[in-house]
Every structure is written in C-alpha cells, then in structure tokens.
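Q: This is the structure, below, for whatever I ask next.
Numbering (full-length UniProt numbering), first residue to last: 1 to 608.
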C-alpha cells in the first residue's frame, strides 16, 4: 500500500502560499504592522554593523580625519575618542530598543495573523466537510479526515506562525545587510552572489525532500489515528478474540513508519543546513582574503572594512535560520495541499429552486437504478414505486438486496444516477435540499448520539428551540421516558462518547424520540427497531402506529414481525422489486416473502 497521499499532482508551494494569503486580506492591517516591525528589526542589524566603523577612531591617538565624517557625525563629536565613547553606548541602547519594538510588532502581529488564518482554515474545512455528499464519506477513511482536521491543520499553524515569522524577519534582515554591504563595496559583495546559485540549488533539493517526507508523515498520522480509534472502540472484540498482540503490532508498524519518515526529514535538514553554512562562511573567508589586500579593498578605511566584515558576518545567522525553517515551511505546504484538496472538491449539489410547502408526502420512484461505481453490479435496478400520502410501506429482502440504498435515495442523501424520485409530483432534484430535509425524518440502524444532554440529543439541530413539554412528549411517544427518569439527572443527564452508558435499545428509542419531535411529513425507518428487545419492540410498534398516522412512512426491515401491519410490503431481490402486497396477501402467494417469513419463524422456533 502506498503511503503517499492520493489524488492529483500537488500544486506548487508558491500557489499554495498564495491561497493562504487570501485569508490574510481580512486582517491586512495586522499583517502590515508585522512587516513594519520586521523591517525595523532588520534595519537595526545593519545599524549595529554600522557602529563598528567608529571603533578604530575610539582607540586612535590622533584625531580622526574630519574629511571622512559627515556633518551630523562632527556635530556628535565623532571625530574624537571622547565623543565616540559617549556615542557608542547611547547608540547601542537606542538600536536595541528599536530592535525590541520591531521584534514585538513583527512577532506578535504575525502570530495574530497566522493564528487567525489557521482558525479560519480549520473552520472552512469543517464546514466544507459538513456539506460534502454522502459518497465522500463512503470513499474517505474517517480517521484520515480527522487527522487532516487536527494534525495537518496544526502543521499549517507551525508553518504559518513560526516559519513565516522567521522567513519575513530573517529574510528582511538578509536583504538589509546585503544592501548595506553592497553600498559599502559592491565589488567585494559580488562574491556573495557567486555562492547564491549553489545555495538556491541546495534549498530547492531539500524543499522537495521535505515536502515528500512531510506528506508521508501526515498520511501515516491518519493511519495511526485509525488504528487507535478502532482498538479503543472495539476493545471488547480485541480482548475476547485475543487481538491485543495483533493491534499492538499494527500500531507499531504505523508508528514505526512515521518515525522513519521523521528521521529521513531530519537527516535532509541536518545535512543541508551545515552545507549552506559552509558556503556562506566560505564567501566570508574570501572577503577577508580580498579585503586585506589594499588594492582590492578599493580605498576603504579600517573602520569601513570592519563595518563591512561585521555586516557580512551577520548574514550567516539569518541564513542558517532560513535554511533550518525550510523543513517547517515544506511541512506546512504539504499539509495545506491536503486541506485544499478537500476544499477543492465540490459540495453536495443543491440545484433545486422549489420549496415543499405543506407537503402531502406522496413519493414516486420512476425507473430508479443505482450503482456505487461505474461498472459495478447495480444495487437497484429499474425501481418503479408509488407511495401515497399517509401510506406505510415496508421494504424487505435479504441482506444486500438494496433496501438501505433505497432509503438513502428517498431521504435525499444520495442523488440517483439513473431514474428520478418525485415528492408531491415535484422532481427531487428541483427541490432545495434544506426544504426537502425539513420534511423528512430518518432513523437508521446506526444510532448517532452526541456528547450532550439527553434533552439536547432529542432536540438536536433545528429542533433546539423545542419546548421542554414537546421534548418530554416525544420521549413518551418513543417509550423512552421510563429509562430517562431512572438516569441520575433525568433529561439533563450527559451522554458520554458513543453513548456507551446506554443500551442499544435505549439509544434507538432516543433516536426515535428525535424523529417524533421533528414531526416530519415523511418518515424513513431503516432497521430502526433492530436493537430492541421483544418488550421494547412491542412498545415501539404501538408508538409507530400512532406516529405513522397521516404520515408517509417507509420502513426498511429485516425482521418481518415489525412490518406485518404495513399497508403494503415491497420485496426486493438483487435490486429488483419481485413482490408487492399486504402481509396476508404475500404469505398467501407463497413466493419470496413467504419463504423469508417461514425461514425467520422456523429459526425463531429452533432458537426457542
């Protein structure tokens, strides 16, 4: 299995950074303040080097040549050791003060910008994922998505704060120092330009390696998240089937792969940095050799040459920091590319322009077919079905017959690739999704509860404004009030992660209460009573009889005892409708439904 991120070729780093800069537009004043601060910081480096030119005169026994000094220098008595003795400490304190101001402005405001950018990026990513079609979640590993939102976004944080801070501050420092040494002696400074292409080649090669290993690390973190989540949530299976050693091995393999990529990235970083340093100091050594020759020095005074060498030497530190931060930059770029790869995917299409106002709930499927991927065996084939308003229709069949797929299509979670679904004679694709889903309530076999109170789980989403009385009535209808009353805080009891403190039947009754509270015109129950015991199922069947009155209800069921009272029963085989009728009619027909019925009840008798 490849550990590189799937998808199209990655965009260039500059294009990715340009996309990140779009987020800066809203907070450009803070970004401008940070640039001003870093420019001030960079200029103080050149100013510090400039102080060195006065040191020779401070130790001279004779007055300095006043022809070499500007008027302001003469005004400050810089033509005498006494004047220099006063000037240097004061100038040094002023420079350090300005440097501190620049460091604060640049550091704080670039962090302010970076954190806001990353926060907005994280929010945009989460909102975008919440708008993706159902196929996106079936095609992408949930642990990988969680890793992108958490780990990858945090990598962007590092690149956007620390990396940008170093790049801007040290980059401006290098520019200021290089401009200063060119101002002092442009001929000698050309030696620095001679090594620039070599440094650029090294940085370019290292950047490619950094990005490659960063992508692998980020992908491996998704694998680590997946193994960890599966082992924790599935601990009863892990323990009972002796899977502890196997899970430990899986985790060690994923973590070990991430370790190898981390070490490879570190190796490239630790090799490239000293090579760049060697080239930089090689150029400085050349400057010493050339500068000590009076002819090559070009008439520079001792003070000017000392200033020149000091400024040239100061270039080494920011260059080293720039080369060190390259790994962080590429890690952030790789993380940004994985984030933008999701943001670039189209959200769930919502081309509808019509609303369902007081719908009757008539559902019609015309020549409905579905397959997950082109070339796959069809899950549904040429389904033609009409469900009249207020009618309760059950869909039964063996596993894999297409029952849940039909429910997903009717609920509007998945657009049909072939055929069409009509609600009140309006094509579903012409109905706004928000309007459609406002009038459809879904309860499936995979109960989803959130880390919130019992009341908040019943009154979820758009139902949050429901009154306490309405919530209690919904709980009564779902026969959930009895067990809720026995909880420590009743309706205010907090549900923990995955609702592990509740039984399967209790969780499903809360999900049914949520659907009852929504009071939708169309009700889709996909194995909604599968986790209930016989007593709870009897109570729920009574509740369903009440709640389905005057509502269009589609029931997906495997246990035929739950659908005997349905107005009609649809039997699916291999994605096709093979029988339609009431329970009594289908049993009398002695067809596929009767076979399923006899099989289930003979199995029940055998179990007893």
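We treat Cβ as the ideally placed atom computed from N, Cα and C, and that holds for glycine.
None of the values given here were measured: they were computed from a predicted structure.
Spatial neighbours of residue 4 within its chain, please: CB distance less than 7 Å, with the 5 preceding and 5 following residues excluded, ordered by chain position.
A: Since pLDDT at residue 4 reaches only 45, below the 50 mark, its modelled position is unreliable, and the value read off the structure follows with that caveat. Taken in chain order, the residues that qualify are 215, 216 and 219.
Q: Can you give me the start and stop residues for the beta strand (DSSP E) that residue 581 sits inside?
A: Segment 576 to 581, the beta strand (DSSP E) holding residue 581.
Q: Report the residue from 156, 559 and 451 whose alpha carbon sits nearest the alpha carbon of residue 498.
A: The shortest Cα separation from residue 498 among 156, 559 and 451 belongs to 451.
Q: Is residue 90 buried or exposed, if buried means 16 or more other CB atoms sit within 10 Å of its CB?
A: Exposed, because fewer than 16 other Cβ atoms sit within 10 Å of the Cβ of residue 90.
Q: Locate the beta strand (DSSP E) running through residue 384, then write down its first and last residues.
A: Its beta strand (DSSP E) spans residues 380 to 387.
Q: Between the alpha carbons of residue 288 and residue 38, how many angstroms are there, rounded?
A: Taking the straight line joining both Cα atoms gives about 29 Å.
Q: On the criterion of 16 or more Cβ atoms from any shown chain inside 10 Å, does residue 294 qualify as buried, or is it exposed?
A: Label assigned to residue 294: exposed.
Q: Among 95, 136 and 568, whose alpha-carbon lies nearest the alpha-carbon of residue 343?
A: The option with the nearest alpha carbon to residue 343 is 136.
Q: Rounded to whole angstroms, what is the Cα-Cα separation between residue 266 and residue 114?
A: C-alpha separation (whole angstroms): 25 Å.
Q: Just grab the DSSP bridge partners of residue 553 for me.
A: DSSP lists 392 and 523 as partners of residue 553.
Q: If you reduce the DSSP assignment to three classes, tell me which class residue 345 lands in.
A: Here residue 345 sits in coil by DSSP.
Q: How about the segment 355 to 365 and the segment 384 to 402: do they share at least three Cβ pairs that are nearer than 8 Å?
A: Short answer: they touch.
Q: Am I right that residue 356 and residue 368 are in contact with their C-beta atoms under 8 Å? What's the rounded C-beta distance?
A: Contact doesn't hold; Cβ gap of about 20 Å is too wide.
Q: Shortest alpha-carbon distance to residue 583 belongs to which of 577, 575 and 571?
A: When only C-alpha atoms are compared, the closest one is 571.
Q: Could you tell me which of 16, 554 and 447 sits nearest to residue 211, measuring between CA atoms?
A: The option with the nearest alpha carbon to residue 211 is 16.
Q: Quick one: what does DSSP say residue 250 is sitting in, helix, strand or coil?
A: Here residue 250 sits in helix by DSSP.
Q: What's the gap between the Cα of residue 605 and the Cα of residue 438?
A: Only weak support is given to the placement of residue 605: the predicted model assigns it a pLDDT of 48, under 50, and the question is left unresolved by the model.
Q: Of the residues 347, 271 and 372, which one's Cα is nearest the Cα of residue 131?
A: Checking every option, the nearest Cα to that of residue 131 belongs to 347.
Q: For residue 249, does the count of other Cβ atoms within 10 angstroms reach 16, so buried, or fall short, so exposed?
A: Classification of residue 249: exposed, given that the 10 Å Cβ count is below 16.
Q: Could you give the uninterrupted runs of the beta strand (DSSP E) lying entirely in the segment 389 to 475, keeping only those of 3 residues or more?
A: You should have 392 to 397, 418 to 423 and 440 to 443.
Q: Taking three-plus beta-carbon pairs below 8 Å as touching, is the segment 493 to 507 in contact with the segment 443 to 463?
A: With the cut-off at 8 Å, the segment 493 to 507 and the segment 443 to 463 touch.
Q: Could you pull the DSSP bridge partners for residue 585 from this structure?
A: Residue 585 pairs with nothing; no bridge assigned.
Q: Apart from the five residues just before and just after residue 144, which ones in its own chain have a Cβ nearer than 6 Å to its Cβ?
A: Contacts found: 222.
Q: With distance defined between alpha-carbon atoms, name the residue in 408, 510, 317 and 76 nearest to residue 171.
A: When only C-alpha atoms are compared, the closest one is 317.
Q: According to the neighbour-count rule (16 or more other Cβ atoms, all chains shown, within 10 Å of its Cβ), is residue 430 buried or exposed?
A: By the 10 Å Cβ count, residue 430 comes out exposed.
Q: My parser needs the alpha helix (DSSP H) runs of 4 or more residues fully inside the segment 295 to 325; what are they?
A: Listed in chain order, the complete alpha helix (DSSP H) runs (minimum 4 residues) inside the segment 295 to 325 are 302 to 314.
Q: In this structure, what does DSSP give as the bridge partners for residue 354?
A: Its beta-bridge partners are 431.
Q: Assuming residue 283 and residue 191 form a contact by the criterion Cβ under 8 Å, report the distance between their Cβ atoms to the nearest whole angstrom.
A: The pair is a contact, with the Cβ atoms about 5 Å apart (cut-off 8 Å).
Q: Tell me the DSSP bridge mates of residue 569?
A: According to DSSP, which records beta bridges pairwise, residue 569 is partnered with 394 and 581.
Q: Just to confirm the assignment, what range does the beta strand (DSSP E) spanning residue 82 have?
A: Here residue 82 belongs to no beta strand (DSSP E); instead the alpha helix (DSSP H) covers 81 to 130.
Q: Taking only three categories from DSSP, how would you classify residue 67?
A: Its pLDDT being 47, under 50, residue 67 is placed unreliably in this model, and the value from its coordinates should be taken loosely. Helix at residue 67.
Q: Can you tell me whether residue 366 is helix, strand or coil according to DSSP?
A: Of the three classes helix, strand and coil, the one that applies to residue 366 here is strand, per DSSP.
Q: Using the C-alpha atoms, what's the distance from residue 209 back to residue 525?
A: Near 52 Å, if we compare the C-alpha coordinates of residue 209 and residue 525.
Q: Starting from the Cα of residue 399, find the closest Cα among 557, 370 and 480 and give me that residue.
A: Checked all of 557, 370 and 480; the closest Cα to residue 399 is 557.
Q: For residue 658 and residue 599, what's the separation of their Cα atoms in angstroms?
A: What the structure shows of the chain is the stretch from 1 to 608, and residue 658 is not part of that stretch, so it cannot be assessed.
Q: Give the DSSP-derived three-state secondary structure of residue 486 in the structure shown.
A: Residue state, collapsed to three classes: coil.
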